[in-house]
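Novice: If you want the numbering used here, it's the 1-based position in the sequence shown plus 125. Cβ atoms here follow ideal geometry from the backbone N, Cα and C, with glycine treated the same way. Sharing a structure below in structure tokens format, with a few things to ask.
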Amino acid sequence: MSEQLQEALSLLKADITCWNNAAQQCEMVASKLSGRESAEYMLLSAVYRERAELLSDALQQAASNSQPSTRERAFHDAGPDISS
126 MSEQLQEALS
136 LLKADITCWN
146 NAAQQCEMVA
156 SKLSGRESAE
166 YMLLSAVYRE
176 RAELLSDALQ
186 QAASNSQPST
196 RERAFHDAGP
206 DISS
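Here is the structure:
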């Protein structure tokens, strides 16, 4: 693996950590709020965790240089069959 690719993968790992930390902070804020404000912070948390998961999938795919991620395969498999 090239040095540049290793550096890019390292940056992705750091980015995943940042998104997860942001999600955790949103959850902590949400726990101190109520109602709509709490729900908004929980929604932000979910978005941040999803971003971290997507980046993690991309990282695994790049590191292994293999088949598409599970999420991508599920999306592709759910589509209509247009081969006929």
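Nearest-angstrom Cα distance between S127 and A155?
Specialist: Within the sequence shown, numbered from 1, the residue matching residue 127 stands at position 2. Within the sequence shown, numbered from 1, the residue matching residue 155 stands at position 30. Each residue's alpha carbon lies about 42 Å from the other.
Novice: Go through its chain and collect everything with a Cβ distance to L134's Cβ below 7 Å, but skip five positions before and after it.
Specialist: Residue 134 sits at position 9 when you count from the first residue of the sequence shown. Closer than 7 Å at Cβ, skipping near neighbours: L184, A187, A188.
Novice: Out of curiosity, what's the CA-to-CA distance linking L169 and C151?
Specialist: For the purposes of this step, residue 169 is taken as the residue at position 44 of the sequence shown. For the purposes of this step, residue 151 is taken as the residue at position 26 of the sequence shown. If I take the Cα positions, the gap works out to 7 Å.
Novice: If you compare alpha carbons, which of L130, N146, L137 is closest to Y173?
Specialist: Position 48 of the sequence shown, counting from 1, holds the residue named residue 173. Nearest option by C-alpha distance: N146.
Novice: For A139 and R161, what's the separation of their Cα atoms in angstroms?
Specialist: For the purposes of this step, residue 139 is taken as residue 14 along the sequence shown, with counting starting at 1. For the purposes of this step, residue 161 is taken as residue 36 along the sequence shown, with counting starting at 1. Distance between the alpha carbons of A139 and R161: 31 Å.
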